[in-house]
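Asker:
Number of protein chains: 2
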Amino acid sequence: MDRRQRKTREAIFSAFIALLSARDYNQITVGQIIDKADIGRATFYAHFETKDFLLKQLCEELFCHIFDATNHGHPEHKHIFNCDAPDSVFLHLFQHLQKNDNNILQLLSCQNNELFLQYFKSNLRKLVVNQLPLFAARKSEHLPESFWVDHIAATFVETVRWWIDNGMTQSPETITEYFLLAV
Amino acid sequence: MDRRQRKTREAIFSAFIALLSARDYNQITVGQIIDKADIGRATFYAHFETKDFLLKQLCEELFCHIFDATNHGHPEHKHIFNCDAPDSVFLHLFQHLQKNDNNILQLLSCQNNELFLQYFKSNLRKLVVNQLPLFAARKSEHLPESFWVDHIAATFVETVRWWIDNGMTQSPETITEYFLLAV
DNA sequence: TTATATACCGAACTACTTGTTCATTATTGT
DNA sequence: ACAATAATGAACAAGTAGTTCGGTATATAA
Chain A
7 MDRRQRKTRE AIFSAFIALL SARDYNQITV GQIIDKADIG RATFYAHFET
57 KDFLLKQLCE ELFCHIFDAT NHGHPEHKHI FNCDAPDSVF LHLFQHLQKN
107 DNNILQLLSC QNNELFLQYF KSNLRKLVVN QLPLFAARKS EHLPESFWVD
157 HIAATFVETV RWWIDNGMTQ SPETITEYFL LAV
Chain B
7 MDRRQRKTRE AIFSAFIALL SARDYNQITV GQIIDKADIG RATFYAHFET
57 KDFLLKQLCE ELFCHIFDAT NHGHPEHKHI FNCDAPDSVF LHLFQHLQKN
107 DNNILQLLSC QNNELFLQYF KSNLRKLVVN QLPLFAARKS EHLPESFWVD
157 HIAATFVETV RWWIDNGMTQ SPETITEYFL LAV
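Note that the protein sequences, when read in sequence, are chains A and B. If you read the first sequence in my numbering, its first letter stands for residue 7, the second for the next number, and so on. If you read the second sequence in my numbering, its first letter stands for residue 7, the second for the next number, and so on.
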């Protein structure tokens with residue numbers, strides 16, 4: 007990819023994330039993004055069809071780092087997720103979130119938009135399906151699997167939200183414990 | 007309140023709800039509302055500061071019917087909520103949702119906006135706090151109460167969402183069972 | 001019935017946002 | 001050096017939010 011394209015794309019993403027940590031997604035305008043990214047209006051629209059597409063692509067890029075190793079089971083990452091402790095997948099997620107490498111926390115905060123949560127939950131569900139045996143003890147045979155998967159994914163999201171709202175004072179290990187106790 | 011005011015307010019609410027069941031909240035415009043309600047633009051703004059305020063007030067009106075009896079414990083409604091079966095509060099909520107008297111389901115569907123869910127969860131939390139003994143058996147003493155309350159409220163919302171997404175084929179009794187098994 | 005208050009009307013208006021167009025300029029990969 | 005392509009910036013149409021105001025209809029009270 008052309009270096010100019012790469013730099014522009016990077017500038018847009020970075021401006022977008024900066025704005026997301028300051029304002030609500032819905033009240034961020036394209037004008038604000040291009041001002042902060044210091045690019046022309048036409049350039050923005052050459053890269054992203056709409057603001058929603060920008061969010062979608064940002065999500066894909068963020069989730070790629072967090073979820074891909076688990077979902078597609080890249081051998082070189084397997085040891086991170088599938089080691090002895092059965093709760094290590096979720097522990098790893100919480101640890102990743104705490105580092106907040108790619109400002110994913112700003113997107114998860116409750117003032118932000120439903121679109122992001124949809125992508126996030128959709129990825130989570132895929133992950134949960136792979137980890138279902140983990141929760142076999144808790145699951146009742148009367149519950150449909152899709153209900154159960156949705157429930158676990160939603161509980162994860164709500165756990166993260168609670169963690170953020172309460173200042174993230176707990177360690178990832180403690181939060182993992184909360185999550186597993188709740189789910 | 008002046009009859010004219012009442013009628014205008016009613017027309018706005020009813021137009022708004024009709025639009026909500028057809029489109030996403032975010033893409034409903036004030037222009038569409040006043041067209042459907044058949045009122046002047048200035049009149050709308052005399053009643054509601056913004057579209058978000060309209061949603062807020064609609065929520066308050068809807069929730070009033072569903073939650074007030076439980077929260078403030080009006081004696082004349084007590085029998086509905088505090089009868090023998092301990093899960094009757096939630097069963098009653100699910101039954102109320104199934105009837106969809108005031109089109110609350112349209113607002114709960116996932117394509118709609120975060121604002122509504124915030125109000126809904128906020129009311130649910132108050133309800134859950136009053137019903138905490140119900141879940142004493144499941145709760146671990148290691149979990150902070152606020153975490154537990156948030157978790158139960160979120161699980162309720164997600165249960166309703168799953169119910170809607172799956173065509174609401176289950177009876178309120180079955181859904182209540184799912185909810186209590188999950189939480 | 002009359003008088004007064006007030007809610008509604010509607011049209012115009014400002015300011016802002018979105019998304020597009022296009023001729024010009026700068027940068028890139030080869 | 002050159003051809004391809006990305007970025008520029010300014011202008012543009014269309015749509016939206018929210019306000020203003022003089023005039024009209026309706027409610028309420030005497």
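Here a beta-carbon is modelled for each residue, glycine too, at the ideal position from N, C-alpha and C.
1. Do we get a CB-CB distance below 8 Å when we pair Ser115(A) with the residues of chain B?
2. Give a yes or no on whether 8 Å exceeds the smallest Cβ distance from Asn119(B) to chain A.
3. Kindly confirm or deny that the region 172 to 188 of chain A and the region 95 to 110 of chain A touch, where touching means at least three C-beta pairs closer than 8 Å.
4. Using the beta-carbon of each residue, which ones in chain B are nearer than 8 Å to Ala188(A)?
5. With 16 other CB atoms within 10 Å as the buried threshold, where does Tyr51(A) fall?
6. Per the contact definition of three or more C-beta pairs closer than 8 Å, is the region 149 to 162 of chain A in contact with the region 54 to 71 of chain A?
7. Work out the CA separation of Leu140(A) and Phe22(A) for me, nearest whole Å.
8. Span of the alpha helix (DSSP H) holding Pro178(A)?
9. Kindly provide the ranges of any alpha helix (DSSP H) runs that are 4 or more residues long and lie completely inside the region 14 to 73 of chain A, ordered along the chain.
10. What does a CB cutoff of less than 7 Å around Phe73(A) pick up in its chain, not counting 5 residues either side in sequence?
11. Between Thr182(B) and chain A, is there a C-beta pair that is closer than 8 Å?
12. Quick one: residues in its chain with C-beta nearer than 7 Å to the C-beta of Asn119(B), no 5 flanking neighbours on either side, listed in chain order?
13. Just to confirm, is the Cβ distance from His53(B) to Ile18(B) under 8 Å?
14. Indicate the three-state DSSP secondary structure (helix, strand or coil) for Thr175(A) in the structure shown.
15. Classify Asp156(B): buried if its beta carbon has 16 or more other beta carbons within 10 angstroms, exposed otherwise.
16. Identify which residue in Ser115(B), Arg167(B), Thr161(B) has its Cα closest to the Cα of Leu186(B).
17. Ser94(A) touches chain B at which residues, Cβ-Cβ below 9 Å?
18. Select from Val163(B), Ile39(B), Arg29(B) the residue whose C-alpha is nearest the C-alpha of Lys127(B).
19. Is Asn32(B) close to chain A? Criterion is C-beta to C-beta, closer than 8 Å.
20. Going by DSSP in three states, Asp8(B) sits in which element: helix, strand or coil?
21. If we cut at 8 Å on Cβ distances, does Thr49(A) have a partner in chain B?
22. Please decide whether Ala143(B) counts as near chain A, where near means a Cβ-Cβ distance under 8 Å.
23. Return the Cβ separation of Ser27(A) and Asn109(A) in integer angstroms, given the expectation that the two are a contact with Cβ distance under 8 Å.
24. Who are the Cβ neighbours of Phe122(B) in its own chain at under 7 Å, not counting the five residues just before and after it?
25. Going by beta carbon distance, what residues of the same chain come within less than 6 Å of Val189(B), once the five residues before and after it are set aside?
26. Determine, using beta carbons only, whether Thr211(A) and Ile45(A) come nearer to each other than 8 Å.
27. Less than 7 Å between C-beta atoms, sequence neighbours within five positions excluded: which residues of the same chain meet that for Pro178(A)?
28. Can you round the beta-carbon distance between Ile170(B) and Leu111(B) to whole angstroms, since I take them to be within the 8 Å contact cut?
29. Between Thr182(B) and the rest of its own chain, which residues show a CB-CB distance below 7 Å, the 5 nearest in sequence each way excluded?
30. Could you check the C-alpha separation between Glu147(B) and Leu138(B) for me, to the nearest Å?
31. Only counting the same chain, and skipping five residues up and downstream in sequence, which positions put a Cβ closer than 6 Å to that of Arg47(A)?
32. Check Asp107(A) in the structure and name its three-state DSSP category.
Answerer: On the basis of the data shown:
1. no
2. yes
3. yes
4. Leu149, Phe153, Trp154, His157
5. exposed
6. no
7. 37 Å
8. 178 to 188
9. 36 to 43, 47 to 53
10. Asn129, Leu133
11. no
12. Tyr31, Asn32
13. yes
14. Thr175(A) sits in coil when the DSSP states are folded into three classes, being neither helix nor strand.
15. Asp156(B) is buried by the Cβ-count criterion.
16. Distances from the alpha-carbon of Leu186(B) to those of Ser115(B), Arg167(B), Thr161(B) put Thr161(B) closest.
17. Those within 9 Å of Ser94(A) in chain B number zero; the least Cβ separation is about 20 Å.
18. For the residues Val163(B), Ile39(B), Arg29(B), the minimum Cα distance to Lys127(B) belongs to Val163(B).
19. yes
20. coil
21. no
22. no
23. The C-beta distance from Ser27(A) to Asn109(A) rounds to 7 Å, short enough to meet the 8 Å contact threshold.
24. Leu61, Cys65, Leu113
25. Ile158, Thr161
26. With chain A running from 7 to 189 in the structure shown, residue 211(A) is simply not present.
27. Leu97, Phe100, Gln101, Gln104
28. 6 Å
29. Cβ neighbours of Thr182(B) beyond the five flanking positions: Asp93, Phe96, Leu97, Phe100.
30. 13 Å
31. Same-chain partners within the cutoff: Ile40.
32. coil
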